[in-house]
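The UniProt record's numbering numbers the first residue of the sequence shown as 1 and each following residue consecutively. The C-beta atom is built at its ideal place from N, Cα and C for all residues, glycine as well. Notes to accompany the following structure.
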Amino acid sequence: MAASSDSTLPVNTIIHLMTVKLSSHSYLLWKNQMGHVFSFQNLASHIDGSVEAPAAEIVEDGKTAANPAYHTWANADQKAIIILQASLSEEALGEVVGLKTARAIWLALEAAYSNALEERIHNLRDAMRTMTKGAETVTQYGRRFRTLLDQLAAVGAPVDAADQRHWFLRGLGAAFETFSTSVRTSRQNPLLRDLVAQAESHELFLRSIHGESAPIATFNVVTNSNAGRGSGQSGRTRVNSGGRGRGRRPPHCQLCRTNGHYANKCPNLSQYVNPSAANESDLAKLLMLSAMTARRDKWWPKEDVKMGCTCWHQVFKPWLPIRRKKGLLNFGTSA
Numbered sequence: 001m002a003a004s005s006d007s008t009l010p011v012n013t014i015i016h017l018m019t020v021k022l023s024s025h026s027y028l029l030w031k032n033q034m035g036h037v038f039s040f041q042n043l044a045s046h047i048d049g050s051v052e053a054p055a056a057e058i059v060e061d062g063k064t065a066a067n068p069a070y071h072t073w074a075n076a077d078q079k080a081i082i083i084l085q086a087s088l089s090e091e092a093l094g095e096v097v098g099l100k101t102a103r104a105i106w107l108a109l110e111a112a113y114s115n116a117l118e119e120r121i122h123n124l125r126d127a128m129r130t131m132t133k134g135a136e137t138v139t140q141y142g143r144r145f146r147t148l149l150d151q152l153a154a155v156g157a158p159v160d161a162a163d164q165r166h167w168f169l170r171g172l173g174a175a176f177e178t179f180s181t182s183v184r185t186s187r188q189n190p191l192l193r194d195l196v197a198q199a200e201s202h203e204l205f206l207r208s209i210h211g212e213s214a215p216i217a218t219f220n221v222v223t224n225s226n227a228g229r230g231s232g233q234s235g236r237t238r239v240n241s242g243g244r245g246r247g248r249r250p251p252h253c254q255l256c257r258t259n260g261h262y263a264n265k266c267p268n269l270s271q272y273v274n275p276s277a278a279n280e281s282d283l284a285k286l287l288m289l290s291a292m293t294a295r296r297d298k299w300w301p302k303e304d305v306k307m308g309c310t311c312w313h314q315v316f317k318p319w320l321p322i323r324r325k326k327g328l329l330n331f332g333t334s335a
């Protein structure tokens, strides 16, 4: 008994050494922690049920008397209950109200949180399988992916290396199809950290080749800003529609020269495109012009149309109609 008592610590010390409190997200970590605590304190039999409680009374010489063994067991069980309750969050304490023994408390907590643990494992696995890179960088995507892996490992469901590679490559998307294919067909099986580093390097390589799509970004910004200004104008238009709406000119297409739609809605827009004359950057700027033109029924002044493109009448001369008007830009001519 002396050796046993020397190997234990006071309850107050044990309580301060416990770092994990039981909640719906920490059951496995908590269970692992408490197993070591009870084993060190020689209290494991009070939670695993390996030793039953002795009888509270015994009969000696025909007389009923208190059982000293039960008194010793009850004191140890109370010690186990104190340690258990000190390791519970307020949420978990509600599950053990009214229970009298450490074994009963342990079983109640196991029943309450083991099912929640299974559900959490399924949710984490589903999140990992459906995770995609999207508009994030590889670094950001890799950080989110590793966080899920750490959470799965913490709840006792670690993902093996082969599945880690498979789901990470799948989430990269079609833009990394060549990279993913080369990794899957190679005989090497890199660790996840090495795979993330390779994907980051491939991303930088793609950017160095294709660059950033600045014209597309400019188109989006200008379109949104015009939409904001147009909302106020549209409000005024709705107010005045009852009086002066009948005299307004219908929309006019600058491409096919017909009424009823603007150039950006022209059903024959593809027929006017000359692939050899305009690149992606210039087409993006044309779309910007069309979006802004849709909010006015007149031609734009030169300073409004000139948005960084070298010369609109040179780039789109083969397919833009010629229209001359004083003070306005004349597409299709050197004016």
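Whether residue i touches residue j by CB criterion (8 Å)
i: N67; j: A56; result: yes
i: Q254; j: A263; result: yes
Straight-line Cα distance separating residue j from residue i
i: S180; j: S24; result: 37 Å
i: S26; j: A102; result: 20 Å
i: H46; j: V37; result: 12 Å
i: T185; j: G35; result: 45 Å
i: Y141; j: W30; result: 30 Å
i: D77; j: L28; result: 23 Å
i: A153; j: T72; result: 40 Å
i: P251; j: H261; result: 5 Å
i: N12; j: L43; result: 16 Å
i: I58; j: A74; result: 15 Å
i: residue 336; j: F145; result: The shown model of the chain, from 1 to 335, leaves out residue 336, and the question about it has no answer.
i: Q151; j: M128; result: 11 Å
i: S89; j: I83; result: 13 Å
i: A104; j: L22; result: 16 Å
i: K265; j: R249; result: 17 Å
i: A69; j: D61; result: 18 Å
i: N268; j: R120; result: 54 Å
i: T130; j: V97; result: 40 Å
i: C256; j: S208; result: 39 Å
i: D194; j: V20; result: 32 Å
i: R187; j: P10; result: 56 Å
i: R236; j: N259; result: Caution is warranted here: a pLDDT of 45 is assigned to R236, below 50, making its placement in the model unreliable, and the coordinate value is therefore given only provisionally. Going from the Cα of R236 to the Cα of N259 covers about 24 Å.
i: K100; j: T64; result: 24 Å
Reference residue i, options the options, closest by Cα
i: P190; options: T178, M131, H166, A174; result: H166
i: G134; options: F40, L149, G171, Q198; result: G171
i: A174; options: Y262, T132, E110; result: T132
i: L192; options: Q254, L269, T139, A263; result: T139
i: A199; options: E60, T137, A65, L9; result: T137
i: A197; options: P267, T130, R143; result: R143
i: T178; options: D194, Q188, L206, E118; result: L206
i: S39; options: R187, R257, T8; result: T8
Below-8 Å beta-carbon distance, residue i vs any chain B residue
i: T185; result: Checking the listed chains, one finds no chain B in this structure; it contains a single protein chain.
CB-CB length for residue i against residue j, believed under 8 Å
i: H202; j: F176; result: 7 Å
i: residue 336; j: Q33; result: Nothing can be reported for residue 336: it is not among the residues displayed for the chain, which extend from 1 to 335.
i: I15; j: A86; result: 4 Å
i: L107; j: E95; result: About 11 Å; that fails the 8 Å criterion.
i: Q164; j: L148; result: 10 Å between Cβ atoms; not a contact.
i: V183; j: L169; result: 6 Å
heavy atom of the ligand MG below 7 Å from residue i C-beta
i: A76; result: The ligand MG is not part of this structure, which contains no ligands at all.
Legend entry - Touch test, the segment 119 to 127 against the segment 144 to 160, Cβ-Cβ under 8 Å, three pairs minimum: yes
Legend entry - Any 3 or more C-beta pairs closer than 8 Å across the segment 112 to 119 and the segment 37 to 55: no
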